[in-house]
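Asks: Numbers 54 to 728, taken from the working numbering, label the letters of the sequence shown in order.
The following block contains the structure, expressed as structure tokens.
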Amino acid sequence: MSLPQKKNLRPPPAKPHRRVVALAGNPNAGKTTLFNALTGLRAKTANFPGTTLEYRVGPCSTGQGSVALLDLPGLYGLGTASPEEAIARDALTGRLSRLGKPTAIVLVIDATNIERNLYLASQVLELDVPAVVALNMIDLSERQGTRIDAGALADELGCPVVKVSARTGRGIPALLEQIEALIQRPAKQARPSRLVEACKCAGCPHAGRYDWAEQVGGACAVRSPMAAGDRSERIDRFLTHPVIGVGAFFAVMATVFIMIFMIAQYPMEWIDGWFAIAQSVTERLLPAGDIQSLVKDGIIGGVGGMLVFLPQICILFFFIALLEDTGYLARAAFVMDRLMRRVGLPGKAFVPMLAAHACAIPGIMSARIIENRRDRLLTILVLPLMTCSARLPVYAMVTALLYPRSPVKAGLLFTGAYALGLVAALAMALLFKRTILPGQARPLVLELPGYKIPSLRTAALTTLDRARIFVTKAGTIILIISVLLWVLSTYPKSDPPREATALMQQADTLEAAGDRPQAEALRATSDRLARRHALEHSASGRLGRLIEPAIRPLGFDWQVGVGVISSFAAREVIVSTLSIVYGLGESGADDDRVERLYDTMREARHQDGTAVFTTPACLSLLVFYVLAMQCLPTQVVARRETNGWKWPIFQLLYMTALAYLASFAVYQGLSVLTS
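Here it is as structure tokens:
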């Protein structure tokens, strides 16, 4: 009998180790531009474990294989203590377990300022990881009259040096070849001999590294005096002036926001129109009923309400990317730093605060330009107090109720609402600085980058990346919330009121008699009564009745309560909600219907016969909408930016409490004064 054949007990061949190449360098060295040049748009964004800071990783083809390219936050040295720089340091040294130690490092050096970048190079080259130096912005350096001997620099550093221009693509193929060569033939990185001697002679390692950087930079780069530096200094005298610089910043940002409103108007109308068409098609394809309403109002309406803001977000990030690429944004932050730090906010917070006047969502997303976590969190907490475009329908409604024939008073009321939001944001920032987020804003220490022509391609790639993040990450949660709100406004079902049924019977009788126009008018009235009755007896309507005792001290009745509840999805829906509550149907672009809504609201009475929308009640409603957090999409984005629900929930609670107390004070105080 033959023995059974032995099975092959050798382990299967190991899977090849994932090849990870890290991009490291100082801030403003052009790492992200180089990352985009090497990967295009084939990148994904993720969070470092346990942090809210993002990194980007994308596939990069070297010609002989593919590597995972890791774009790390900028850092000045491996010994720094800020959270952002510490994470970049840990990624380079292999302390982040999920990422592991990189296979190779691409050290990005700004060719216009070699000495500053060489301090970090002196530390990275001591790591046991193969490295190649990408001498970026070489075209700008040459235009400034600087000649760099890449061969001499490579000899000093003991690693390959490649001249590149990420903006134009110059040197990218050569850099890819060097990356592949490092991975295929890894060599132990030798510490530069001159660096060893410099550290010994100086006695202090830091001083030795700076001495070495100065010596190497002076030996490998030859500069010829040119007018470009003088021009930059002359421009900076104006743009960084304590007074002129502030005025220039306001002028630049005002231009940006005017452009946002002018340009975004057309794609927003286009998107809105397509979703309106989708809703019309849904009405034709699906039979009338809950399924049709769910698809039309819950899903299509909810997604459309989110995507309509996408043009504003894209245009804002495009302009911010251009301003940052030119070097101006760093100067704007420097100018505003003195003003903002008095209330605990960094100078860079002013850009997100201005962005929030268009929409809080891009404002919160643009807070990423603030490196320090505490400063960024404080900025996010107060940003929704800025008057956004979604509040404007509410302001227009209140001003129309109070001053229908006085444009001057209406304009002053608008201005007061904007000012109230700004003052409240600064006051809350000061309060948080002294309570839950103690400490001064991180001092703004930065080296102003040189002026350069921005890259439209880089700005476009950045914009597309942020748009993708907004749609994929926030969109799913917004869709779920929209469907939930639809359910609350639709169920439980209730039979139409007797008045609506009687009107429908009269309409049938009139149509049988040949009076079709009058029959259609009665049917429309019956439909409005039925919709109001259904809303009143739905879960949201019952909730309005439930909270009426709590909101009565603010001057609100249950109808306004339903509008307030629905506004927690989006502020602007209060106009259409009140139109339904008061039996006028959904308010759209029909100016006559809007005027009829305002007339109906002026005539609305409490059960005791007193007017609902008095001057104190209207101003109370205005103050409430200025200060309240009534935008679930903003909460979703805040949750993503803070990496959890803790701070968005706190934001919702403190803004709601602030709005309630301020509205209470306004209504009760004015009621006493006008009684």
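Cβ coordinates follow ideal geometry from the N, Cα and C atoms, glycine included.
Name the one or two DSSP bridge partners that Pro112 has.
Replies: Pro112 is bridged to Ala121.
Asks: If you reduce the DSSP assignment to three classes, tell me which class Ser218 lands in.
Replies: It is a strand residue.
Asks: Going by DSSP, what residue range makes up the beta strand (DSSP E) through Thr199?
Replies: From DSSP, the beta strand (DSSP E) with Thr199 extends over Thr199 to Ile201.
Asks: So Ala449 is in the beta strand (DSSP E); what residue range does that whole segment cover?
Replies: Ala449 -> not in any beta strand (DSSP E); alpha helix (DSSP H) instead, spanning Leu445 to Leu455.
Asks: Checking 8 Å against the spacing of the C-beta atoms, do Val447 and Tyr172 come in under that value?
Replies: It is not a contact, given that the beta carbons lie outside the stated cut-off.
Asks: Under a three-way DSSP split, which group does Cys367 fall into?
Replies: DSSP places Cys367 in helix when its eight states are reduced to three.
Asks: Excluding five sequence neighbours on each side, which residues of the same chain lie with their C-beta closer than 6 Å to the C-beta of Ile191?
Replies: Excluding sequence neighbours, Ile191 sits near Ala164, Lys216 and Ser218.
Asks: With H, G and I counted as helix, E and B as strand and the rest as coil, what does DSSP make of Leu650?
Replies: Leu650 falls in the helix class under three-state DSSP.
Asks: Between the alpha carbons of Met306 and Leu375, how many angstroms are there, rounded?
Replies: Between Met306 and Leu375, the C-alpha separation is close to 12 Å.
Asks: Does DSSP classify Thr489 as helix, strand or coil?
Replies: It should be noted that the sequence gives Ile, not Thr, for residue 489. Note: Ile489 maps to coil in three-state DSSP.
Asks: Kindly indicate which three-state DSSP category Ala90 falls into: helix, strand or coil?
Replies: Reduced to three states, the DSSP call for Ala90 is helix.
Asks: Here's a check: name, in chain order, each residue in its chain whose Cβ is nearer than 6 Å to the Cβ of Glu267, leaving out the five neighbours to either side.
Replies: Closer than 6 Å at Cβ, skipping near neighbours: Glu168.
Asks: If I measure Cβ to Cβ from Lys505 and keep anything under 6 Å in the same chain, skipping five residues before and after, which residues do I get?
Replies: Cβ within range, chain order: Leu193.
Asks: For Gly594, which of helix, strand or coil comes out of DSSP?
Replies: Looking at Gly594 - three-state DSSP - the assignment turns out to be helix.
Asks: Could you check the C-alpha separation between Asn170 and Lys84 for me, to the nearest Å?
Replies: About 13 Å.
Asks: Going by DSSP, which residues form a beta bridge with Ala710?
Replies: DSSP, once it has assigned bridges, lists no residue as partnering Ala710.
Asks: Rounded to the nearest angstrom, what separates Thr364 and Arg151 at their Cα positions?
Replies: Reading off the sequence, residue 364 comes out as Pro, not Thr. C-alpha separation (whole angstroms): 36 Å.
Asks: At 4 residues or longer, what runs of the alpha helix (DSSP H) sit wholly inside the segment 150-198?
Replies: Counting only runs of 4 or more, we get 167-177 and 191-196.
Asks: If you drop the 5 nearest sequence neighbours on each side, which residues of the same chain put their C-beta closer than 8 Å to that of Thr335?
Replies: These residues qualify, in order along the chain: Gln345, Val348, Lys349 and Ile353.
Asks: Expressed to the nearest angstrom, what Euclidean distance is found between the alpha-carbon atoms of Leu206 and Ala623?
Replies: In a straight line, the C-alpha of Leu206 is about 58 Å away from that of Ala623.
Asks: Would you kindly report the start and end of the unbroken alpha helix (DSSP H) that includes Arg276?
Replies: Here Arg276 belongs to no alpha helix (DSSP H); instead the beta strand (DSSP E) covers Ala274 to Arg276.
Asks: Apart from the five residues on each side of it in sequence, which residues of its chain come closer than 8 Å, Cβ to Cβ, to Cys412?
Replies: So the list reads Phe362, Gln365, Ile366, Cys441, Ser442 and Ala443, once near-sequence residues are dropped.
Asks: Beta-carbon within less than 6 Å of Ala400's beta-carbon, same chain only, minus the 5 sequence neighbours each way: which residues are those?
Replies: It is Gly, not Ala, that sits at residue 400 in the sequence shown. Cβ neighbours of Gly400 beyond the five flanking positions: Ala386, Met389, Asp390, Met393 and Leu497.
Asks: Give a yes or no on whether the C-beta atoms belonging to Val719 and Val665 are separated by under 8 Å.
Replies: No, Cβ-Cβ distance for Val719 and Val665 is not below 8 Å.
Asks: Exposed or buried, Lys699, counting other C-beta atoms within 10 Å across all chains shown (16 or more means buried)?
Replies: Counting Cβ neighbours within 10 Å, Lys699 comes out exposed, since fewer than 16 surround it.
Asks: Pairs of beta-carbons, one from the segment 426-441 and one from the segment 471-482, closer than 8 Å: are there three or more?
Replies: The answer is yes - the segment 471-482 touches the segment 426-441, with three or more Cβ pairs under 8 Å.
Asks: First and last residue of the beta strand (DSSP E) that includes Gly211?
Replies: Here Gly211 belongs to no beta strand (DSSP E), and DSSP marks it neither H nor E.
Asks: If I measure Cβ to Cβ from Tyr471 and keep anything under 7 Å in the same chain, skipping five residues before and after, which residues do I get?
Replies: Correct list, in chain order: Thr440.
Asks: Can you tell me whether Cys684 is helix, strand or coil according to DSSP?
Replies: Here Cys684 sits in strand by DSSP.
Asks: Does the contact criterion of 3 or more C-beta pairs under 8 Å hold for the segment 74-89 versus the segment 117-136?
Replies: These segments touch.
Asks: Taking Ile368 and Ala317 to be in contact with their CB atoms under 8 Å, please state how far apart those CB atoms are, rounded to whole angstroms.
Replies: So it is a contact: roughly 5 Å between Cβ atoms.
Asks: Across which residues does DSSP place Arg223 in a beta bridge pair?
Replies: The partner list for Arg223 (beta bridge, DSSP) reads Ser218.
Asks: Using 8 Å as the threshold, is the C-beta distance between Glu138 and Ala420 below it?
Replies: Their beta carbons are not under 8 Å apart, which means Glu138 does not touch Ala420 by this criterion.
Asks: With burial defined as no fewer than 16 other Cβ atoms inside 10 Å of the residue's Cβ, what is the status of Leu160: buried or exposed?
Replies: Label assigned to Leu160: buried.
Asks: Rounding to the nearest angstrom, what Cα-Cα distance links Gly132 and Ile489 in this structure?
Replies: If you take the alpha carbons of Gly132 and Ile489, they lie about 29 Å apart.
Asks: Could you tell me whether the Cβ atoms of Gln558 and Ser620 are closer together than 8 Å?
Replies: Not a contact, by the Cβ cut-off of 8 Å.
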